[in-house]
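One structure is given below, encoded as structure tokens.
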Amino acid sequence: MDQATVNTLGFPILSLLIFLPVAGALGLLLMKSSQEGLIRMFALLVSIAGFLLSLPLFTAFDKTTHAMQFVERHAWIPAWNINYHLGLDGISILFVLLSTLVTILCILISWNSIKVKVKEFYISLLVVEAAMIGVFCSLDFFLFYIFWEAMLIPMYLLIGVWGGPNRIYAAVKFFLFTLVGSVLMLVGIIVLYLYSGGTFNILELSTRIYPYDMQLWLFWAFFAAFAVKVPMFPVHTWLPDAHTEAPTAGSVILAAVLIKMGAYGFLRFSLPILPEASKAMTPVMITLSVIAIIYGGIICLAQTDLKRLIAYSSVSHMGFVTLGIFALNVQGMEGGILQMINHGIVTGGLFLGVGVIYDRTHTRQISDYGGVASVMPVYASLFIVFTFASIGLPATNGFIGEFLILLGGFKANQWAGVLAASGIIIGAGYMLWLYQRVFFMETSEKVSGLHDLDTRELIALLPMVILIFWIGIYPDTFLGFMHESVRHLLERVNSGSAHGVSVAKNIVEILK
Amino acid sequence: MTMLPQLIFGYFAAVIVLLSLLVITRKNPVHSVMWMLLLFFHIAAMYLFLNAEFIAAIQVIVYAGAILVLFLFVVLLLNLKEELEADRFVGSWPVAVLVSGGIFLGLASVLRSFVIGRQGSFTVELIQKVTHTKTLGLIMYTEYLFPFEIASLILLIAVIGAIVLAKKRMRSH
Amino acid sequence: MQHYLLIPFLPFAAFLINILFGRMLLKEKAHWVSILAVAVSWVVSVMTLLDVISGKTLNQDVYTWILSGNFRVSVGFLIDQLTAVMLIVVTTCSMLIHIYSVGYMHGDSGYYRFFSYLSLFTFCMLMLVMANNFLQLYFGWEGVGLCSYFLIGYYFDKKSASDAGKKAFIVNRFGDFGFGIGIFVIFLTFGTVYYEPVFSQAAGFATKSINFLGYDLHLMTVIALLLFCGSIGKSAQMPLHVWLPDAMEGPTPVSALIHAATMVTAGVFLVARCNAIFSLSELALTIVALTGAITSLFAASIGLVQNDIKRIIAYSTISQLGYMFLACGVGGYTAGVFHLYTHAFFKALLFLCAGSVMHAMAGELNLHKMGGLKKYMPVTYITMLLASLSIAGIPGFAGFFSKDEILWLAYSSTNPVGKFVWLIGTLVAFLTAFYSFRLIFLTFHGSFRGTHEQEHHLHESPKTMTVPLMLLCIGAIASGWIGISNLIGELVGIEHLNWFTGFMQPVLGHPEGHGTHAEEWGVMLISIMAGVSGIGLAYYLYIKRPELPDKIMAQFSTAHRVLFNKYYVDELYDLLIIRPALWTAKNVLIGVGDVRIIEAIVNGVPASIGGFSKQLRRLQTGLLQHYATIMAMGLFVIGAFMLLRNW
Amino acid sequence: MVPLNWYLILSAAVFSIGIFGFLTRRNIIIMFMSIELMLNAVNISLVAFSHYLQDLRGHVLVFFIITVAAAEASIGLAIIIALFRNKNTVHVDEMNEMKG
């Protein structure tokens, strides 16, 4: 097992990051649910503390090595060799930062839009944050699974309790989709555990070579769990429902971080542990991604609900991510990971934006809007930045991610590259049409009396805008983290699958 | 006459089967109770034939005497007139015929080739010498004492249960 | 040369200042910031031009933009002859139009917003022009697309304006789609996206072929055509030209700056910049020439019958752009760029004059509602007349020299399609002269046909608008003199009169055409004849016999209707692309895909389980016998099984 | 000498008649009597076994079966009375509150 460096920071930063929100949630429990102001302020302080605590990760990270950093390892259930094993590397560090930042914005944006059961709302928000960070840091498959499931419950509450009209259906659908997938993954985990002689340690599992057909079955087991989360093409129908029904904070967290866990799963588990199967399955995955891009894009043209449109657009964007990941070359992979961050920022911003006008007009039908630009100019300019970042305009973060993915995709498979590139046209189509219907043309009566952004909302939206241009103009600050880890991962995938198993043969074998 | 035992068994078998059929097919429940009484007497006689005197006595006393009388009491509670008009059989009786016929055929086909296992120690002469009740009592109170106690317990519960269930609810009206 | 960075970043600074502080602080004063920025960058551009003339060029990277594996690209600047010329064109036009906009946009609510967009546009155009790698070119490319989206949709409360803006951006995106894939192919073949290594190694790859989407094609042709895809989108050539006429929804200075002088010429700039690649592929050049020729003929024919003053000039722009591509197609990149240079001046001038006419007529655009404005607006009339003479190709004016150069190169080029293209060029010259002067005669001559209230309101535009007109007028005339063909040079005795070709020679090379002097004279005469006869016909039809055009229109009514409706191209695209896309989105994807297949499964499985359990429930009938029967049957089955097992 | 099989076949016959009775009759009392029949059938076979196997355990079992039969009969009849009291019918198919 490759030697994981000892925790350079001295104090167990990852455990703190995970359990600070949980402590915050417990603190909230003590408060009386009537003191809403106190609750909100306390939750905000906890999330800001979490974000500040995550900054040293950013500075103390050693970009020259691919090994895991800030590692913590304690025996948890020795009987089955299950350890409380945490660690970060180039791939997962950015997500932790994104999670802590997004939580602050969610708390800010739902300041006065959540009126009923305020205390429980902030508790579930903080618990979701803890589970998210847990998923990205855990290096023990068992621990990973625990956090993966833990994230479901509070998210289910967020959608189910504070959601829109038929929130129950959406919440149950979201829950069942993810659960069915992750149960199959659990089977995969157990098979791996037994086959590898009783270890859940991901680093160890990533060094072994497994028989080819077992790899195939495991790949499809993991695919079930991760594809649902991404969401990839056939299993994506839970996302639009979950988004339309979730409260603003819920859909921001869902769009910004939860979706990334699926793609992160591919990167952390499917590729390193099952290199041969992943390599054999790339044609299938690339086709699914391209379908997702075009399918998601064209569907957006026919949407009438604001949040549903953005939800489908994130199906299309995540299609780009999976295309990048399964292009299996440096540009595609790095583009994929960066696009995950970008998508978190852009779609998070879009949902924050939608939240702002939804709190004012309480309608999500695009036809009810019109001429918002003349009523709320500052809001319109912020939203235009998000729109163009979503389309992938150069100098915004979307372009960097999309360009690298398309380059990698084109390198991997020309047809995939070309078809995916058509995605940017469709993207421009639906986003600009959305922007026009909502912001331009004559002011509809529903929108006329609105007041522009107040400082709180401005503070919630500004970080996203700054990040968009920062990544757009100088992406190296973020790309720099990934170089080593991606190089190592690709080495593992290429070397792992160099056991003379020609790709063509296995496809025939599968289809037989 | 060598054929006598077979002949007697033949008589008994036929009568028992006939009587049991009569018991379950009569429209009037009182008639079926009477037929059942006759049936029990024949069964008791058969036990005698198989030299189980004590069991025959018990059969007559408990079954015919106690249980059947109990049945008679309950039958007399019914309003017989309404009972006579109502049709006797449940809708799905052909299925029942099939099932019971099937079970009988299954059992019969097995029992035809039945082989008697190892002979026990209580030969017929020993029982006659000591008398059947004494030997039975001997085994009962030594080897099977514990089940005996349980049997008594069951009877006790039965008694209490019957009273509680059938007692007229004074308070309930 | 050393502080060249000021050129792009001053307008960017002006953009930031205006957009951030415009609403509260600057409001009316916003134009000072932008004009100052553009003026300084114009001065620096002129100094850069002088440095380049003295032979200095520069290729410098500022910082590494994207680094991923072996893909490395940075924000870098390349200043050579081509860039210097483009700098002059962009900054001059931009400055004059900034000044013009002060008068034109006076009193508009979003005043600061307009000027911030203009500065942003200038910044993006300069970044595009000065890029030293394809990715920064792509950055500028999409940046100007973005600004044209903002500026076309400036009056965003009008549905037609915001529609036009959206249409412009999406149609450009189609072009950028091909352009993007071209960049991928370049990176995959050369391993880098910087100009310098790509163009130097290009010759080495001349004979290679590439397996592009399954077909083995000639590498250079693939790259050239993919890049040309981008040019078609940006310079509104044949298939992707639909957005330019609608772009007239934007304010007129926007049309002058973006849709005449600078942005639309980016396509020609791209072809000129990549001449090393284009000239390696015969097929690509032919396609470029043909597309240019057909588009110019197509647009000129539509221009004949339009009534909207700005639409006519827009179609004339498309036609002139076709001319530039025609020049590049026959190998005459220098002639193409020269025409771009002169065209920028007189086309901007035409637009600004149209703007001042509109300004005077309170927004009225229809030619048939005007007439006899000569006496009300002398300055506008004169400048517009000179510009029309220049575009018609009358000797002495800029248009003549650049257009003649192109026609001669087309005639004398080795390219097989040269002669055919020359013929179309001459016909287009005739049509251009005709519709330009139709416009002049209908607007300025004859009697006023507008409403009385409009007539009362007629007045000459204020100083801030007429001064730029005059300056541009000088440009429209004088700009051609730096490129007078050597033929006239020999006549007059000056050896290398055509300074421009000499200047551009190191970057764009020299087209080798074969043809005697006699032929050159012949071609020149024919082009002059075409121009003059066009003007004569227009004069005859619209001044001498004003009733004649209506009679002709009645006679060729179907032809007229087809031309007037722009060959129904918009409706065709709507039918072929937009409506099917929406239809598939609505019923195929949502109707069948999401609802019928996936949702059916997702909701179907629990429903079917529910149904099955309902059936099971019926088994519990409550009848004692049923349970007993089932038990007995179970007994029987087990018995039978035990029996049969040992048989 | 009567072979054992005949006795067993006889008890099988009575047993299946008991089952038939139980499954078909609507009157709950008659169903009870069919149960008694089935028990007696079993007793017959047991006694036959003890006689032919010369082992008294059959008799002991019969003895216990009889006690259980008695207990069961009494409780059953008490239930029937209770049922009859508040439903005033003894027909099984009219008592289907326990329907699924």
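Protein chains in written order, with the numbering used here: chain A, 1 to 512; chain B, 1001 to 1173; chain C, 2001 to 2647; chain D, 3001 to 3100. We treat Cβ as the ideally placed atom computed from N, Cα and C, and that holds for glycine.
Counting only the Cα atoms, F269 of chain A lies some 31 Å from A49 of chain A. Membership of R2072 of chain C in any alpha helix (DSSP H) is not indicated; the residue belongs instead to the beta strand (DSSP E) covering 2071 to 2079. Out of D:L3008, D:F3020, D:I3081, the CA that lies nearest to the CA of G1102 of chain B is found in D:F3020.
According to the DSSP assignment, H243 of chain A belongs to the alpha helix (DSSP H) that extends over 238 to 245.
In the structure shown, E72 of chain A adopts extended strand secondary structure according to DSSP, grouped into three states. Under the 8 Å Cβ criterion, the stretch 2409 to 2428 of chain C counts as touching the stretch 2311 to 2328 of chain C, having at least three qualifying pairs. Beta-bridge partners of T2064 of chain C (DSSP): C:S2074. Among the residues of the stretch 2574 to 2587 of chain C, none has a Cβ less than 9 Å away from any Cβ of chain B. The straight-line gap separating the alpha-carbon atoms of D368 of chain A and K446 of chain A is approximately 7 Å. The continuous stretches of alpha helix (DSSP H) do not include N83 of chain A, which lies in the beta strand (DSSP E) extending over residues 82 to 88.
Between K2159 of chain C and A2261 of chain C a beta carbon distance of about 28 Å is seen, past the 8 Å cut, so the two are scored as non-contacting.
A direct Cα-Cα distance of roughly 7 Å separates V3068 of chain D from I1154 of chain B. Between the C-alpha atoms of D2051 of chain C and L2016 of chain C there is a straight-line separation of about 30 Å.
If you draw a straight line from the Cα of I2066 of chain C to the Cα of A428 of chain A, it is about 23 Å long. The Cβ atoms of I104 of chain A and F51 of chain A sit closer than 7 Å to each other. Listed by position along chain C, the residues whose Cβ is nearer than 7 Å to that of V1095 of chain B are T2629. Annotation for N3040 of chain D: the continuous alpha helix (DSSP H) segment containing it runs 3028 to 3053. For L2644 of chain C, none of the residues of chain B pass the 8 Å Cβ criterion, the least Cβ distance being about 10 Å. When Cβ-Cβ separations below 7 Å define contact, L3039 of chain D makes no contact with chain C. Listed by position along chain C, the residues whose Cβ is nearer than 7 Å to that of S1020 of chain B form an empty set, because the closest Cβ is around 17 Å away.
Of the residues assessed, F2139 of chain C falls on the buried side of the cut-off, its CB having 16 or more other CB atoms within 10 angstroms. For M441 of chain A, the chain C residues whose Cβ falls inside 7 Å of its Cβ are D2157, K2159, S2162, in order along the chain. If you look at N3086 of chain D, you'll find it in the alpha helix (DSSP H) that goes 3057 to 3087. Y2155 of chain C places its beta carbon 7 Å or farther from that of A2030 of chain C.
Collapsing the DSSP output to three states places S138 of chain A in a strand. The beta carbon of V1023 of chain B does not come within 7 Å of any beta carbon belonging to chain C, so the residue lies off that interface. Contact of M3033 of chain D with chain B is assigned, a C-beta pair being separated by under 7 Å. For a cut-off of 8 Å, the C-beta gap from T2265 of chain C to S2479 of chain C is around 14 Å, too long to register as a contact. Contact of L2635 of chain C with chain B by beta-carbon distance below 7 Å involves I1103. The alpha-carbon of L2219 of chain C is positioned some 5 Å away from that of I2210 of chain C.
If you ignore the 5 residues before and after Y2194 of chain C, its C-beta comes within less than 6 Å of the C-beta of N2133, all in its own chain and listed in chain order.
Along the stretch 1024 to 1053 of chain B, none of the residues has a CB nearer than 9 Å to a CB of chain C.
When DSSP states are grouped into helix, strand and coil, D305 of chain A belongs to the strand group. At a cut-off of 7 Å between C-beta atoms, I3019 of chain D counts as an interface residue with respect to chain B. Residues of the stretch 324 to 346 of chain A with a C-beta atom less than 8 Å from some C-beta of chain C are N329, V330, Q331, E334, G335, listed in chain order.
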